[in-house]
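Chains as they are written, first to last, in this note's numbering: chain A, 1002 to 2065; chain B, 148 to 365.
Right under this line is the structure:
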């Protein structure tokens, strides 16, 4: 098999140096190759290239039938079918309301503002409700933590609402007093309420002695008030909080630095220099949408004032992808890096208290030292305008040190501020251990768990599940433990299966509740639909426990009545419900003073986990901490870095993999804290060496139809002592499992799809990205056989800014939700049949020389969707004209005409056409049919589908504009049109709209010199322009632009580009 | 060996039978179904029996009720909407309160169970039609639904096939009127008889009906 060159087999293009030692230096920019198979010369890559529609085996007829019989039977049944159905068309019924709700227009969606707790903060949402049920989630532009955007997980929450595996009613584990078999009985809601009331009455007699409530980070002021009311009635009870991936380290770090636990609120928009230490700020922690929006506002290349972003991390993340500089470092060495930076800051005159940096940092590598020096210099030059952020998994010692650095740099009050905690509760994995100890000692005999899944997520050495099991044993059993447990959850999950009582919880989209964001902003959660299975909110359960009678709605109104005041309450209440947020309710910053002695002590006490390998625990990109494991959209969503779905793997660097003799899919045994698990390995370019990242959340024991048997549970390794970060070993075990990776299905042969420049290069040669292909290949402009269209009306187009795309895939999930895209399962993905209309391709770039091999490769994400080519190759070959061109530039897809020849998909150079090999709509459970968008056809077997530029939204906007008489209002409607992907994107990388309207962002973007089109050389004239990625590197770490800028292929007499236009 | 051999008479009978019998007969059947199995012949005249014998002739014709009193969402959204039971009861709580014809309506009102009307004008699910934009352009109800005010039982008068839609989309002038008059019945016939287009203010926007696929197919 020919070894694939790094870039391209076309010699001229191949000379655009991207890290091959024999290639000339970067000549004005950088070109990216695609998979790491490209980089490694993997022969499998060549094979995959030629097989878009290939099957593993040729079609085999069903067994036991020979061809002749098969055809006879088919012919006969077809003939009979004609007689059977008759000639009259089937009757279709219309069922109107008996009493139509006011203002409801059948079929036209209404948007409601609500909010959900997630990531330790709250996100404001605008949820589209069609015919009384939610069908699409969008971000609420009014809410500071959303600003109009969402993440992939937030989009997927909608499908969880309609999960057919949800709990349908309360359950009670009964052990008959007279002996006999114990059993679990389904009971009615009234019975569950009766039990709660009697349980609460019994507790009141004891003043709550022996009772504990375990909560998750529900961010609800109403729940906080309910718990306070409960503690007044039950003063001896205790409340603890446990989140598998919570903010306790950051809060404890603030306690060390400032004397009390505080919430750290960052403002990235004010930061000229940003340093992120091992945190995925833009996708899975902190307040990701707000951080991404703020980050994006400082990456406007043309506007000037571009920020500089440094990321130091162990495992590559979307945040690291968009950094200007990314350092791979073990997570356990981050403290040493921060110390080194502290020392360097002192050299630039920053007043870092000397005791803080007294501890000698462990020996850092040269790259790490250079990074620290450069970062420190930049931060020192941007006092008050820089920001250092530590990731959630870093221990409190690092958070405290980072807080101290921010204080020294004068960033506090500018780019970072501290606010009081929303609800102070004992939290963290250690409190769970204390709870279990208390239960074993019989100090706690009653446990109410509101949400969460502690039987699945508890640290490995906290025997929570075992405890619940022991409580179910007969009283005479030797290890019986006296515990009455109640779990309120949306599913009968691992914890509910073991608890004494299970009460169904209302999903966020069917709850009356409220939320408080990390900065204190208050919002209401209002339901989009009555609870599907009679679920209850946490506050309701507490209310019932203390014999209250109010339901969730009354409880929330009471909370807000107190907050908004009685005067004009109804009006104020309706306004809050309408806006989705209480404006100006953010908490005031707390004045902080640094206790540098305490920080120094903590830093001195820090001991990095010792072991050959460090073991890092990250939330699974599909399941988060397990709560989304049964969500088909999330399981099938390729994760941003590996592009893997329907499984989890251990991530190690390429160097480590080659040291251990590992390739993608090999089984490894990872050992930590005395336990080991076996799972496949994923070779991850850019991972730190001798470090392995395990994702938590897969391998659920809950037998949901989606999550059953998916992935490996890595939590046996996650002990209390090393809850986020541990040490252990990785060894090759025998075995292999093919990784379900979507990248590498369509290999684009190293053509310059992704183009990148530094700011200096962009300034020197702005048109490089646009013209590079023309300059190097000297292709004569290809001519089309068909005359060009005149687009005098609307001209729909899109631009995607690669500087901003983090690869978070919120757009992919939004598209899936908006367009009823089916989920296939792992078998379909392994056959490269995944149906996502929009996909994120991850490309690697090499570095000059590549001294450490491909681990130093920088990655970029490129969203790829139907390019709506003006000269579309797919339109030209459809035998039945099922795909046509609209006068406004849309490449249309008419499903009812399509006969499934797949010729269009074959002809598409971008491979964005997806074929329905089976009737994926056939076995959708009844509840899940509710999630479909009624404005988009649900496709059946045998038709092609592809991105339509959200034609349903385009048509709705045009219809609304047509009904409008005022021209200014018409323009406003068209300008307000957003495609689903554009609306979801947290960094606003995607712009969609009318290219003929010069005021629209898309038109402005398309006119930029760095706007280029993918594969433009084949003259398909795509409507999507990509804005070349611009990085803002620190010249101390890399040259801004090489002094010898070679234009490969520019010499006269070059083999390509004869004036006569001969084919080369 | 026993090989099947066609008998000698099949040399003449089979080809003759095919070319003069089965062939023309089969072609006629196919042609007939092809031509007559279309909306124009199949769907026009469809007048199914409804659960409640509601007479548009009485309400819209003799009593002169405007279409939009009941089909209230037609100017706001895609669907004209069969009215909720509440709309019927607006009058029938006081009028004809014991009529046997309205028994099902009263029962629906009491039991909160919808009346199961049979859909007359039915488009396939892959065709997305929007009423409101047609009304705002000035297409009258009778252009597509015929003289509803003369129908004791609703009957489909127009084929509602894609070709029929496109005929108007390509030349809409004959069906456009002042949007204020969309529910007036009889204007279309008068206009067709006189040969004059219906009255329409000159300053209205010129409708641009989509003729491309994605105009209706999503």
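Positions of the beta carbon are idealized from the N, C-alpha and C atoms, including for glycine.
In the structure shown, the three-state DSSP call for residue 1941 (chain A) is coil.
Judged by beta-carbon spacing, residue 1146 (chain A) lies beyond the 8 Å limit of residue 1271 (chain A), meaning their Cβ atoms are not closer than that value. The secondary-structure analysis by DSSP pairs residue 1447 (chain A) across a beta bridge with A:1212, A:1485. Taking the Cα positions, residue 1102 (chain A) is about 15 Å away from residue 256 (chain B). Between residue 1898 (chain A) and residue 1920 (chain A), the CB-CB gap reaches or exceeds 8 Å. Within the model, the alpha-carbon separation for residue 1234 (chain A) versus residue 1420 (chain A) is close to 30 Å. Counting only Cβ-Cβ distances below 7 Å, residue 231 (chain B) has contacts in chain A at 1097, 1098, 1099, 1100, 1101, in chain order.
Annotation: residue 1839 (chain A) has no Cβ neighbours in chain B at a cutoff of 7 Å; minimum Cβ distance is about 17 Å. Judged by DSSP in its simplified three-state form, residue 2028 (chain A) adopts strand.
Contact between residue 1718 (chain A) and residue 1671 (chain A) holds: their C-beta atoms lie close to 7 Å from each other, under 8 Å. If only uninterrupted alpha helix (DSSP H) runs of at least 4 residues are considered, those enclosed by the region 272-298 of chain B are 278-284, 288-292.
In the three-state DSSP reduction, residue 1513 (chain A) falls in the coil class, being neither helix nor strand. The criterion of a C-beta distance shorter than 8 Å is not satisfied by residue 1332 (chain A) and residue 1603 (chain A).
When C-alpha distances from residue 1626 (chain A) are compared across A:1789, A:1453, A:1669, the shortest belongs to A:1453.
Of all residues in the region 271-285 of chain B, only 271, 272, 273, 274, 275, 277, 279, 280, 282, 283, 284 come within less than 9 Å of chain A when Cβ atoms are compared, listed by chain position. Nearest to residue 1560 (chain A) by alpha-carbon distance, out of A:1952, A:1542, A:1514, A:1599, is A:1514. Here the alpha carbons of residue 1705 (chain A) and residue 1633 (chain A) stand approximately 10 Å from one another.
Taking the C-beta atoms as reference points, residue 1361 (chain A) is found no nearer than 8 Å to residue 1385 (chain A). Close partners of residue 1953 (chain A) in chain B (Cβ separation under 7 Å): 365. Excluding five sequence positions before and after residue 1738 (chain A), the CB atoms of its chain that fall closer than 8 Å to its own CB belong to 1648, 1666, 1668, 1681, given in chain order. For the region 1115-1134 of chain A, the set of residues with a beta-carbon nearer than 8 Å to any beta-carbon of chain B is empty. Residue pairing by DSSP places residue 1667 (chain A) opposite A:1737 in a beta bridge.
According to the DSSP assignment, residue 1296 (chain A) belongs to no beta strand (DSSP E) but to the alpha helix (DSSP H) extending over 1289-1298. Between the C-alpha atoms of residue 1432 (chain A) and residue 1242 (chain A) there is a straight-line separation of about 8 Å. Contact between residue 293 (chain B) and residue 326 (chain B) fails: their C-beta atoms lie close to 20 Å from each other, not under 8 Å.
Neighbours of residue 224 (chain B) across chain A, judged by C-beta separation under 9 Å: 1106, 1107, 1108, 1109.
Here residue 208 (chain B) is near residue 296 (chain B), since their CB atoms are less than 8 Å apart. The beta carbon of residue 1354 (chain A) sits closer than 6 Å to the beta carbons of 1597 from its chain, once the five residues preceding and following it are set aside; these are given in chain order. The C-beta distance from residue 302 (chain B) to residue 216 (chain B) rounds to 21 Å, too long to meet the 8 Å contact threshold.
Distance from the CA atom of residue 1926 (chain A) to the CA atom of residue 1165 (chain A), rounded to whole angstroms, is 7 Å. The Cβ neighbour count for residue 1806 (chain A), taken over all protein chains shown within 10 Å, is at least 16; the residue is labelled buried.
Taking 7 Å as the Cβ-Cβ cut-off, the region 1204-1231 of chain A has no residue approaching chain B. Chain-ordered, the chain B residues with CB closer than 8 Å to the CB of residue 1936 (chain A) read 275, 365. For the set B:331, B:281, B:332, B:179, the Cα lying nearest the Cα of residue 320 (chain B) is the one of B:281. The C-alpha of residue 1587 (chain A) is placed about 14 Å away from the C-alpha of residue 1564 (chain A). Non-local beta-carbon contacts of residue 1827 (chain A) in its own chain, meaning distances under 8 Å to residues more than five positions away in sequence, involve 1646, 1647, 1648, 1711, 1741 in chain order.
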